[in-house]
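Undergrad:
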């Protein structure tokens, strides 16, 4: 039974260790609320993953062109988001801790990104693939333009400065929006 729940238990123990090692915040409720939100997120994620159907071990796994697009765009968004978090968060004490952990994470993401980007697939793109790719790109462009228009309206009432970290996180969100739109159009069959 312990083997079945090894990953959820390990992640909960790691999250608890991070909470204990994190210095106190001012006001004090911020640290506890972030920890509680992250804990709820982890539990919901593990619940969702546990409800997914298990693949048949006798059936071979198919890695096609659509799966390659999903994987590469997801890894690119994760890397850009990680770089945005790196830029937006303050330095740690000692300062090398943040650089080592985030740098190692970005290195792993880059290695997986390059592996899947250069992985050979037997499938050739057809008209349906190009159509769904164009639809997803148009929808993502509309989301970018809409969000920038909303941002300009907000800055009329409350001026603020965009930092590099915010722009990187926004870019990662738009890549994820493209990925979800492409996934939707592919699964819809249109």
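Residue numbers (our numbering): 12 to 201.
Glycine is no exception: its CB is placed at the ideal position from the N, C-alpha and C atoms.
(1) Return the first residue and the last residue of the alpha helix (DSSP H) that residue 48 is part of.
(2) Please report the straight-line C-alpha distance between residue 102 and residue 197, rounded to a whole angstrom.
(3) Do you know whose CA, among 68, 194, 44 and 95, lies nearest residue 147's CA?
(4) Would you kindly report the start and end of the unbroken alpha helix (DSSP H) that includes residue 82?
(5) Just to confirm my understanding: we take residue 82, look at its own chain, exclude 5 residues before and 5 after, and list those with CB closer than 6 Å. What are they?
(6) Pick out whichever of 98, 163 and 47 has its Cα sitting closest to the Cα of residue 177.
(7) Evaluate the contact criterion for the region 61 to 79 versus the region 159 to 169: three or more CB pairs, one atom per stretch, below 8 Å.
(8) Can you list, in chain order, the residues of its chain with a C-beta nearer than 6 Å to that of residue 96? Leave out the 5 residues immediately preceding and following it.
(9) Please work out which residues of its chain come closer than 6 Å, Cβ to Cβ, to residue 88, disregarding the five sequence neighbours upstream and downstream, and give them in chain order.
(10) Starting from residue 69 and walking both ways along the alpha helix (DSSP H), at which residues does that stretch end?
(11) Counting beta carbon pairs with one atom in the region 50 to 58 and one in the region 22 to 29, are three or more of them shorter than 8 Å?
(12) Which same chain residues, not among the five before or five after residue 100, have their C-beta less than 6 Å away from its C-beta?
(13) Are the CB atoms of residue 86 and residue 113 nearer to each other than 7 Å?
(14) For a quick check, are the C-beta atoms of residue 165 and residue 92 less than 7 Å apart?
(15) Compare the C-alpha of residue 19 against each of 142, 55, 152 and 171 and name the closest.
(16) Between the Cα of residue 125 and the Cα atoms of 84, 157 and 108, which residue gives the shortest distance?
(17) May I ask which residues mark the beginning and end of the alpha helix (DSSP H) holding residue 155?
(18) Could you give the residue range of the alpha helix (DSSP H) that holds residue 198?
(19) Here's the rule: buried if 16 or more other CB atoms are within 10 angstroms of the residue's CB, otherwise exposed. What is residue 192?
(20) For residue 167, is the classification buried or exposed, using 16 other Cβ atoms within 10 angstroms of its Cβ as the cut-off for buried?
TA: Here's the rundown:
(1) Working through the chain shown from its first residue, we reach residue 48 at position 37. Element bounds for residue 48: 40 to 62.
(2) Residue 102 sits at position 91 when you count from the first residue of the chain shown. Residue 197 sits at position 186 when you count from the first residue of the chain shown. Cα-Cα distance, rounded: 42 Å.
(3) Working through the chain shown from its first residue, we reach residue 147 at position 136. Distance check between residue 147 and each of 68, 194, 44 and 95 places 194 closest, using alpha-carbon atoms only.
(4) To locate residue 82, count along the chain shown from 1; it is residue 71. From DSSP, the alpha helix (DSSP H) with residue 82 extends over 76 to 99.
(5) What you label residue 82 is simply residue 71 of the chain shown in a count that begins at 1. Excluding sequence neighbours, residue 82 sits near 127.
(6) Taking the first residue of the chain shown as position 1, residue 177 is located at position 166. Checking every option, the nearest Cα to that of residue 177 belongs to 98.
(7) With a cut-off of 8 Å, the region 159 to 169 and the region 61 to 79 do not count as touching, because too few Cβ pairs lie within range.
(8) For this step, residue 96 is matched to residue 85 along the chain shown. If we look at residue 96 and ignore the five residues flanking it on each side, it has no Cβ neighbours.
(9) Taking the first residue of the chain shown as position 1, residue 88 is located at position 77. Cβ neighbours of residue 88 beyond the five flanking positions: 183, 186 and 187.
(10) Within the chain shown, the letter at position 58 stands for residue 69. Segment: none, residue 69 is in no alpha helix (DSSP H) and carries neither H nor E.
(11) Contact between the region 22 to 29 and the region 50 to 58 is established, with three or more Cβ pairs separated by less than 8 Å.
(12) Position 89 of the chain shown, counting from 1, holds the residue named residue 100. Excluding positions up to five away in sequence, the list is empty.
(13) As a first step, residue 86 is located in the chain shown; it is residue number 75 there, counting from the start. As a first step, residue 113 is located in the chain shown; it is residue number 102 there, counting from the start. Cβ atoms of residue 86 and residue 113: not closer than 7 Å.
(14) By 1-based counting over the chain shown, the position of residue 165 is 154. By 1-based counting over the chain shown, the position of residue 92 is 81. Not a contact, by the Cβ cut-off of 7 Å.
(15) For the purposes of this step, residue 19 is taken as the residue at position 8 of the chain shown. When each option's Cα is compared against that of residue 19, the closest is 55.
(16) Mapped onto the chain shown, residue 125 falls at position 114. Of 84, 157 and 108, the residue nearest in Cα terms is 84.
(17) Here residue 155 is taken as the residue at index 144 of the chain shown, counted from 1. Residues 138 to 168.
(18) The count along the chain shown starts at 1 and reaches residue 198 at position 187. In the DSSP annotation of this structure, the continuous segment of the alpha helix (DSSP H) that includes residue 198 starts and ends at 175 to 199.
(19) Here residue 192 refers to the residue found at position 181 when the chain shown is read from its first residue. When all chains shown are included, residue 192 counts as buried.
(20) What you label residue 167 is simply residue 156 of the chain shown in a count that begins at 1. Counting Cβ neighbours within 10 Å, residue 167 comes out exposed, since fewer than 16 surround it.
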